[in-house]
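Engineer: Per the UniProt record's numbering, the very first residue in the sequence shown carries number 1; after that it's consecutive. By construction, the Cβ of each residue, glycine as well, lies at the ideal position given by its N, Cα and C atoms.
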Amino acid sequence: MRRVLDEEIATGAGANFVLRRDYAARLAGWSVPAALAYYGRLLRRTSGQHWTFLVHLGDRTLVGASPERHVSLDSGRAVMNPISGTYRYPEEGPEAEGLLEFLADDKETNELFMVVDEELKMMSAVCPDGGRVLGPRLRMMAHIAHTEYFIEGRTDLDPREILRRTLLAPTVTGSPLESACSVIARFEPGGRGYYSGVAALVGRSAGERVMDSAILIRTMDIDRAGALRLGVGATLVRDSEPMAEAAETRAKAAGLLAAVAGTADEDTAPPAAADDRPARLPPVREALVRRNEPLAPFWLADPGARASRWPALEGLDVLIIDAEDHFTAMGATLLRSLGCRVRVRRYDEDYALQGPDLVVVGPGPGDPRDRGHAKIDILYEVTGQLLEQDTPFLSVCLGHQVLSRTLGLDLVRRPVPNQGVQRAVDLFGTRELVYFYNSFTAVADADEIPSAPVRRGTVRIARDALSGEVHALRGPGFSSVQFHPASVMTRNGDRVLGDLLTGLLAPSVPRPTRSPGVMSVPQSPCHHRPPHARPVSNRSGPTPAR
Numbered sequence: 001m002r003r004v005l006d007e008e009i010a011t012g013a014g015a016n017f018v019l020r021r022d023y024a025a026r027l028a029g030w031s032v033p034a035a036l037a038y039y040g041r042l043l044r045r046t047s048g049q050h051w052t053f054l055v056h057l058g059d060r061t062l063v064g065a066s067p068e069r070h071v072s073l074d075s076g077r078a079v080m081n082p083i084s085g086t087y088r089y090p091e092e093g094p095e096a097e098g099l100l101e102f103l104a105d106d107k108e109t110n111e112l113f114m115v116v117d118e119e120l121k122m123m124s125a126v127c128p129d130g131g132r133v134l135g136p137r138l139r140m141m142a143h144i145a146h147t148e149y150f151i152e153g154r155t156d157l158d159p160r161e162i163l164r165r166t167l168l169a170p171t172v173t174g175s176p177l178e179s180a181c182s183v184i185a186r187f188e189p190g191g192r193g194y195y196s197g198v199a200a201l202v203g204r205s206a207g208e209r210v211m212d213s214a215i216l217i218r219t220m221d222i223d224r225a226g227a228l229r230l231g232v233g234a235t236l237v238r239d240s241e242p243m244a245e246a247a248e249t250r251a252k253a254a255g256l257l258a259a260v261a262g263t264a265d266e267d268t269a270p271p272a273a274a275d276d277r278p279a280r281l282p283p284v285r286e287a288l289v290r291r292n293e294p295l296a297p298f299w300l301a302d303p304g305a306r307a308s309r310w311p312a313l314e315g316l317d318v319l320i321i322d323a324e325d326h327f328t329a330m331g332a333t334l335l336r337s338l339g340c341r342v343r344v345r346r347y348d349e350d351y352a353l354q355g356p357d358l359v360v361v362g363p364g365p366g367d368p369r370d371r372g373h374a375k376i377d378i379l380y381e382v383t384g385q386l387l388e389q390d391t392p393f394l395s396v397c398l399g400h401q402v403l404s405r406t407l408g409l410d411l412v413r414r415p416v417p418n419q420g421v422q423r424a425v426d427l428f429g430t431r432e433l434v435y436f437y438n439s440f441t442a443v444a445d446a447d448e449i450p451s452a453p454v455r456r457g458t459v460r461i462a463r464d465a466l467s468g469e470v471h472a473l474r475g476p477g478f479s480s481v482q483f484h485p486a487s488v489m490t491r492n493g494d495r496v497l498g499d500l501l502t503g504l505l506a507p508s509v510p511r512p513t514r515s516p517g518v519m520s521v522p523q524s525p526c527h528h529r530p531p532h533a534r535p536v537s538n539r540s541g542p543t544p545a546r
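1. Taking 7 Å as the cut-off, decide whether the C-beta atoms of V434 and F393 are in contact.
2. Evaluate the contact criterion for the segment 291 to 307 versus the segment 485 to 499: three or more CB pairs, one atom per stretch, below 8 Å.
3. So, is T430 buried or exposed, given that buried needs 16 or more other C-beta atoms within 10 angstroms?
4. Strictly by DSSP, which residues pair up with M211?
5. Would you be able to state if there are at least three C-beta pairs under 8 Å between the segment 392 to 406 and the segment 77 to 93?
6. Do V318 and L353 count as a contact pair if the criterion is CB distance below 7 Å?
7. Is A180 closer than 7 Å to F327 when the C-beta atoms are compared?
8. Please find out if some non-hydrogen atom of the ligand COA comes closer than 6 Å to the beta-carbon of A96.
9. What is the rounded straight-line gap between the Cα of A332 and the Cα of R343?
10. Of all the options G29, I217, A279 and G191, which has the alpha carbon lying nearest to the alpha carbon of P136?
11. When the Cα of V198 is compared with those of M80, G498 and L300, which residue comes out closest?
12. Short of 7 Å in beta carbon distance, which residues of its chain neighbour R346, apart from the five on each side in sequence? Order them along the chain.
13. Check whether the Cβ atoms of S75 and W51 sit closer than 7 Å, and answer yes or no.
14. Between A446 and the rest of its own chain, which residues show a CB-CB distance below 8 Å, the 5 nearest in sequence each way excluded?
15. Pick helix, strand or coil for H56, following the three-state DSSP scheme.
16. Could you give the residue range of the beta strand (DSSP E) that holds L427?
17. Under 7 Å, do T383 and L403 count as touching if we go by C-beta distance?
18. In angstroms, rounded to a whole number, what distance separates the CA positions of L57 and I222?
19. Apart from the five residues on each side of it in sequence, which residues of its chain come closer than 8 Å, Cβ to Cβ, to R192?
20. Going by alpha carbons, who is nearest to I376 out of D348, P356 and L387?
21. With DSSP as the reference, please indicate the residues paired to D221 in a beta bridge.
22. Go to residue 564, then tell me how far its alpha helix (DSSP H) extends in each direction, as first and last residue.
23. Going by DSSP, what residue range makes up the alpha helix (DSSP H) through N110?
24. Could you say which of L505, D212 and Y194 lies nearest to V202 if we only look at CA atoms?
25. If you check the beta carbons only, do A214 and H143 fall under 7 Å apart?
26. Closer than 7 Å by C-beta to Q49: which residues in its own chain qualify, once you throw out the five before and the five after it? Chain order, please.
27. Let me check understanding here. Comparing Cα to Cα, which of A227, D6, Q422 and A169 lies closest to F187?
28. Count Cβ pairs between the segment 413 to 433 and the segment 466 to 476 that sit closer than 8 Å; are there 3 or more?
29. Would you kindly work out how many angstroms separate the C-alpha atoms of E111 and S205, rounded to a whole number?
30. For a quick check, are the C-beta atoms of G503 and P476 less than 7 Å apart?
31. On the three-state DSSP scale, how would you describe V344?
32. Compute the Euclidean distance between the alpha carbons of R218 and Y23, then round it to the nearest angstrom.
33. Give every residue of the same chain whose Cβ lies closer than 7 Å to the Cβ of K121, excluding the five residues on either side of it in the sequence, and list them in chain order.
34. Just how far apart, CA to CA, sit residue 566 and L409?
35. Grab me the residues of V55's own chain with a C-beta within less than 6 Å of its C-beta, minus the 5 sequence neighbours each way, in chain order.
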C-alpha cells in the first residue's frame with residue numbers, strides 16, 4: 001500500500017486506487033448443500049446489503065453479501081450508488097460519537113466525493129442530461145457502516161449498453177479508470193476473477209426494460225474442489241494510513257468469514273439486524289446534511305431545472321479533446337446546460353481544430369513534462385496549433401499544464417499531491433471554491449506574461465501569492481484552469497465555466513505572423529491526425545503520472 005501512495009498517487013498516476021487482498025481457504029466437505037448453508041448464514045448474520053446471493057455455475061459457486069448496487073434501470077430511470085468511506089464499529093457496536101468523528105473525517109469524506117465524481121462521469125455518458133446526486137446516507141451494516149450517495153438520470157439506452165458504459169465501478173478500481181486499471185495490473189499479484197465485476201438481473205416489466213445489478217464485492221468464489229477465495233479492497237488516497245486500510249479489509253471480510261466458520265446450531269439463530277439507532281440521532285443527521293454544503297448545486301438539481309443559458313454561448317460548436325479522463329463527459333453536460341453543442345473526441349482520434357467555435361483541451365493522467373510520451377507530445381502539438389490559429393480554446397488540468405509550459409512557465413511536482421483537494425482560490429478577483437486533482441503545477445512569480453508567443457497580447461495569471469502555483473491563465477482568445485470546473489466539488493462550476501468562455505470569446509483575436517521559435521505542429525492546418533498517434537501502450541506503456 002505504501003508503494004502505491006509513494007509511487008503512483010504522489011507522482012500523479014491518479015487520485016485514488018483500490019487494491020485487492022485475498023483470503024483463501026480449503027473447505028472440507030464442500031458441496032452444493034454446504035453452499036446453501038453458507039448462504040443461509042449470510043442471510044441471518046448480515047444486514048444492509050443490496051444483494052445477498054448465491055450463484056451456482058457448475059464448476060464455480062459465488063456466495064456473497066454485496067452492499068453496493070452497480071446500476072439499476074426502471075421506466076427509463078438509471079440509478080448508480082457510489083459507496084465509500086468506512087466506519088469500523090467498536091466491539092460494543094456503533095456509537096454516536098464514533099459516527100460523528102467518521103462523518104467529520106476529511107479523508108473519508110474525500111474518498112466519497114471522488115467516487116461521486118467518477119460515477120457522475122459514467123452517468124453523463126449514459127444519460128443525455130447527466131446525473132443528479134441524491135443523499136448522502138449512512139449504510140449501517142453488521143460490522144461496519146459506509147456513506148453513500150445515489151445518482152439518477154433519464155436514459156433510452158439498452159441495459160447491455162448501460163452496463164458496458166459503466167464498467168468497472170470506480171469504488172472497486174479507482175480514478176481515472178484507465179490509469180487505475182494499469183496500477184491494479186502492476187500491483188495485484190494475479191487476476192481478479194469475478195471480484196469487482198457485476199451480477200445483473202435484466203428483464204421487462206409492464207413492457208419496459210428493467211435491470212438491477214450488484215457489484216461483486218464481499219463475495220466468496222469457491223471452485224468445485226472447495227478452494228475458496230474472498231477478495232476485499234480498500235480505497236487508497238493521498239492521506240491513507242496503510243495499517244488502517246488493512247484493518248478496514250479485515251472488517252469487510254468479517255461477516256463472510258463468520259458464515260464459513262459457523263456451526264449447524266447457528267443456522268436456526270434469529271436474523272441479525274444492524275443497530276441504526278445512533279444514525280437516527282439529530283446530531284448525526286445534521287452532520288450528514290452538512291456534507292452537501294461544499295457541493296455544486298448544479299449536480300444536486302433536477303436536470304430539467306439546471307439549464308442556465310448564456311446568450312454568447314447559445315449554439316456554440318464545441319470540440320472537447322479527451323486525454324484519458326472522462327471528466328470530459330461531465331464537462332460536456334455543463335457546456336450543454338450553457339447552450340453549447342458539444343462533441344467529445346479522444347486525443348488520438350480524428351478531429352478538426354479549424355471548424356469548431358471553441359476547443360477544450362481536456363484533463364487526463366500524464367507527466368506534462370514528458371514529451372517522449374505519445375499522448376503528451378500530441379497535446380503539445382495541439383496546443384501549439386491552437387495558439388497559432390485563431391480558434392478560441394480552453395485548457396483544463398493536464399491541458400492547462402501543457403499550455404503553461406508552452407507559454408514559458410515552469411512545471412514542478414508538488415511535494416504533497418492535490419489529488420482530491422477543495423480549496424478557495426482567487427480567480428481573477430473572484431473567490432471561488434474549486435476542486436483539484438493534480439500532482440504537478442505551473443509556477444509563476446508575476447501576475448502576467450507580458451507578451452504571449454504567437455498570439456499578441458498579455459496573459460493574465462491567477463496564482464497563489466505565497467507559493468506561486470498557477471490556478472488559471474487568461475490570454476487573447478484562450479483560458480486555462482488547473483482545477484476541474486465540472487467536479488461536484490467545484491461549488492459554482494457552471495458559472496465559472498460560463499465566465500471563462502464568455503471572457504475568451506469577447507475579444508477578437510488578431511492573426512499574427514508566425515513568431516520565431518514556435519514549436520512545430522502538424523502540417524495540415526485544418527485536420528489533425530498526428531502520424532504517430534496510436535494507443536499509448538504501443539509507445540510508452542501505461543500513462544505513468546498526472
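Structural biologist: Considering the structure as presented:
1. Cβ distance not < 7 Å, so V434 and F393 don't count as in contact.
2. With contact defined as three or more Cβ pairs closer than 8 Å, the segment 291 to 307 and the segment 485 to 499 are in contact.
3. Burial state of T430 is exposed, judged by a 10 Å Cβ sphere holding fewer than 16 other Cβ atoms.
4. Per DSSP, L73 and V202.
5. With a cut-off of 8 Å, the segment 392 to 406 and the segment 77 to 93 do not count as touching, because too few Cβ pairs lie within range.
6. Between L353 and V318, the gap from beta carbon to beta carbon reaches 7 Å or more.
7. One thing to note: F327 has its Cβ no nearer than 7 Å to the Cβ of A180.
8. Judged by which ligands are present, the structure shown has none, so any question about the ligand COA falls away.
9. When the Cα atoms are used, A332 and R343 turn out to be separated by approximately 8 Å.
10. Nearest option by C-alpha distance: A279.
11. When each option's Cα is compared against that of V198, the closest is M80.
12. Taken in chain order, the residues that qualify are D322.
13. Taking 7 Å as the Cβ cut-off, S75 and W51 do not qualify as a contacting pair.
14. In chain order, I461 place their CB closer than 8 Å to the CB of A446, counting only its own chain and leaving out the 5 sequence neighbours on each side.
15. In the structure shown, H56 sits in a strand (DSSP, three-state: E or B).
16. From DSSP, the beta strand (DSSP E) with L427 extends over D410 to L427.
17. If you check the CB distance, T383 and L403 come in under 7 Å.
18. Here the alpha carbons of I222 and L57 stand approximately 10 Å from one another.
19. If the five residues before and after R192 are omitted, its C-beta is found closer than 8 Å to the C-beta atoms of R20, I184 and G231, all from its own chain and listed in chain order.
20. Ranked by Cα distance from I376, the first of D348, P356 and L387 is D348.
21. BP columns for D221 point to L62 and R229.
22. No statement about residue 564 is possible, as the shown extent of the chain runs from 1 to 546 and does not include it.
23. Its alpha helix (DSSP H) spans residues D106 to V126.
24. Measuring from the Cα of V202, the nearest candidate turns out to be D212.
25. Cβ distance not < 7 Å, so A214 and H143 don't count as in contact.
26. Around Q49: A65, S66 and P67.
27. Across the set A227, D6, Q422 and A169, the C-alpha of D6 shows the shortest separation from the C-alpha of F187.
28. With a cut-off of 8 Å, the segment 466 to 476 and the segment 413 to 433 count as touching, because enough Cβ pairs lie within range.
29. Straight-line Cα distance between these residues: approximately 36 Å.
30. Against a cut-off of 7 Å, the Cβ pair of P476 and G503 comes out as no contact.
31. It is a strand residue.
32. Cα to Cα, R218 sits roughly 11 Å from Y23.
33. Only residues of its own chain outside the window of five on either side were considered, and among them H326, F327, A329 and M330 have a CB closer than 7 Å to the CB of K121, listed in chain order.
34. With the chain covering 1 to 546 only, the question about residue 566 has no answer from this structure.
35. Closer than 6 Å at Cβ, skipping near neighbours: L62.
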